[in-house]
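**Q**
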Amino acid sequence: MAQIRDIGGAGTIKDQINAAIGVHGMWKTRIRTAAQTGLSEWKPDFVDSSHNCDFGKWLDSFPEGAKQADYKKVFALHADFHKEAARVLRMALNGKKEEAEKAISMGSPYEKLTVSLTKAMMEWRDKS
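So the sequence shown is numbered by our numbering: it starts at 9 and just counts up by one.
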């Protein structure tokens with residue numbers, strides 16, 4: 009089974025998903041910091057693709073998962089999260105701090121996506 013590279017070599021699918029939940033939390037912090045400071049080491053075009061991060065690479069390398077409804081839901085939400093995170097990052101890096109902070113606030117599409125993705129990952133983990 010492929011493993012997410014950035015998380016210490018977790019073993020089972022449950023371990024992999026748990027690790028991915030933690031990595032997702034780190035990304036939320038990175039996006040929030042960028043919104044607040046206007047700075048990031050990450051480029052929006054890189055963040056835009058869900059296939060560039062370790063979790064996305066793991067999802068791509070997990071063909072047997074593609075048949076599972078939970079996988080499909082997580083895959084789609086993960087891609088949507090990346091699009092929205094890149095949109096926020098573009099605002100932040102273009103000096104639109106107030107817009108970027110609003111874009112990650114409670115009730116925003118970004119916030120709803122992060123909650124939905126985390127919930128879907130936890131549901132998939134609990135069924136694995």
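The beta-carbon is built from N, C-alpha and C at its ideal position, and this holds for glycine as well.
Using 9 Å as the threshold, is the C-beta distance between E131 and D88 below it?
**A** Within the sequence shown, numbered from 1, the residue matching residue 131 stands at position 123. Within the sequence shown, numbered from 1, the residue matching residue 88 stands at position 80. In this structure, D88 does not lie closer than 9 Å to E131 by Cβ.
**Q** Does DSSP put I29 in a helix, a strand or coil?
**A** Within the sequence shown, numbered from 1, the residue matching residue 29 stands at position 21. Of the three classes helix, strand and coil, the one that applies to I29 here is helix, per DSSP.
**Q** Is there contact here, the region 16-33 with the region 47-56, by at least three beta-carbon pairs under 8 Å?
**A** The answer is no - the region 47-56 does not touch the region 16-33, with fewer than three Cβ pairs under 8 Å.
**Q** Suppose the cutoff is 7 Å on Cβ atoms and the five residues either side in sequence are ignored; what does the same chain contact list for K91 look like?
**A** Here residue 91 refers to the residue found at position 83 of the sequence shown. If we look at K91 and ignore the five residues flanking it on each side, its Cβ neighbours are D56.
**Q** Indicate the three-state DSSP secondary structure (helix, strand or coil) for W50 in the structure shown.
**A** Position 42 of the sequence shown, counted from the first residue, corresponds to residue 50. Here W50 sits in coil by DSSP.
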